[in-house]
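Residue numbers (the working numbering): 200 to 299.
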């Protein structure tokens, strides 16, 4: 009786882990999770061109970037290396795969 219970629990845990890894892998390769937009806020009257920000962040329409593979800390550092940017904060919004 104990062996059946242990086997059932182990099997359930293993199945759950396999399913979790499957879902995680699916998110990394599914085009529905590609970054589709960049949003910015600025106290200045004129925001920076989105194309300029995309270039700084190595984002391209031709080579889409998955939002789950995008490193926000590295992106923030890339933005701060620009002479035009004094403050930067990068966050992901998964509702529409935006970068803010």
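Cβ coordinates follow ideal geometry from the N, Cα and C atoms, glycine included.
query = Short check: CB of residue 291 to CB of residue 260, under 8 Å?
reply = No, the Cβ-Cβ distance between residue 291 and residue 260 is not below 8 Å.
Cross-strand partners of residue 265 (DSSP beta bridge) = Paired residue(s): 233.
message = Starting from residue 287, trace the alpha helix (DSSP H) in both directions and tell me its first and last residue.
response = Per DSSP, residue 287 lies in no alpha helix (DSSP H) segment and is marked neither H nor E.
task = Determine the DSSP secondary structure at residue 211, reduced to helix, strand or coil.
result = Helix.
query = Run through DSSP, which three-state label would residue 244 get?
reply = It is coil, neither helix nor strand.
request  = With DSSP as the reference, label residue 256 as helix, strand or coil.
outcome  = Assignment of residue 256 by DSSP, reduced to helix, strand and coil, places it in the coil class.
inquiry  = Nearest by alpha-carbon distance to residue 231: which of 240, 272, 264 is it?
reply    = Looking at the Cα atoms, 264 is the closest of the given residues.
ask   = Count the other CB atoms within 10 Å of the CB of residue 236; is the residue buried (16 or more) or exposed (fewer)?
value = Exposed is the call here.
task = Tell whether a beta-carbon distance below 8 Å holds between residue 277 and residue 247.
result = Taking a C-beta distance under 8 Å as the contact criterion, residue 277 and residue 247 do not qualify as a contact pair.
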